[in-house]
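Numbering (our numbering), first residue to last: 35 to 185.
Each residue gets a CB set at the ideal place from its N, CA and C atoms; glycine is no exception.
What follows is a single structure, written as structure tokens, with notes after it.
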């Protein structure tokens, strides 16, 4: 995912790259392996994006089964928090059908993310057929507070 600080006004060159280890020349994605090789600098098939009232950026990292939060997205390509994967940046497997303990901490192919006017986060957990709600404050908690859908 690329960031353009002044799109089309000064140039068409990206200023920052999210994912790929921060390398503009990389183009790898290892979502097909369950090897724990992901980091806070990786993205695999980013699918949905949202920004909250404090300018924090949320990216649905579909291929790694997580949503990443960037607290200073204008200057830093490293994610600060991870939703899904039990809060572990290095985990990258799809937690399908509640197969892992703590299903409120797991995601499988998150396809979208949204933020409401109160700052609550909503994540579309595609392969688990549900929507998860994360209520503020989020500073120490990336566990879903509510499940919508999927019984």
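Taking the C-alpha atoms as reference points, what is the distance between residue i and residue j?
i: residue 76; j: residue 148; result: 21 Å
i: residue 145; j: residue 169; result: 19 Å
i: residue 166; j: residue 39; result: 31 Å
i: residue 134; j: residue 140; result: Interpretation of residue 134 is limited by its pLDDT of 48, a score under 50 that renders its predicted location unreliable; the figure taken from the coordinates is listed afterwards. Rounded to the nearest angstrom, the two C-alpha atoms are 8 Å apart.
i: residue 180; j: residue 37; result: 32 Å
i: residue 138; j: residue 59; result: 36 Å
i: residue 176; j: residue 160; result: 18 Å
When you compare each of the options to residue i by their alpha carbons, which one comes out closest?
i: residue 61; options: 78, 74, 128 and 73; result: 78
i: residue 81; options: 158, 181 and 180; result: 158
i: residue 91; options: 165, 98 and 109; result: 109
i: residue 83; options: 52, 139 and 72; result: 52
i: residue 89; options: 153, 183 and 162; result: 153
i: residue 143; options: 155, 128 and 151; result: 128
i: residue 151; options: 176, 177, 95 and 86; result: 86
i: residue 178; options: 155, 160 and 161; result: 155
Report buried or exposed for residue i, applying the criterion of at least 16 other Cβ atoms within 10 angstroms of its Cβ.
i: residue 103; result: buried
i: residue 67; result: Because residue 67 carries a pLDDT of 46, less than 50, the predicted location of this residue cannot be relied on, and the following value inherits that uncertainty. Its Cβ having fewer than 16 others within 10 Å, residue 67 is exposed.
i: residue 163; result: exposed
i: residue 107; result: buried
i: residue 44; result: exposed
Could you check how far apart the C-beta atoms of residue i and residue j are, in whole angstroms? I think they sit under 8 Å.
i: residue 99; j: residue 122; result: Incorrect: roughly 11 Å between the Cβ atoms, too far for contact.
i: residue 73; j: residue 124; result: 7 Å
With the cut-off set at 9 Å, would you say residue i and residue j are in Cβ contact?
i: residue 93; j: residue 35; result: yes
i: residue 17; j: residue 50; result: Since the first and last residues shown for the chain are 35 and 185, residue 17 lies out of range.
i: residue 105; j: residue 114; result: yes
i: residue 118; j: residue 63; result: no
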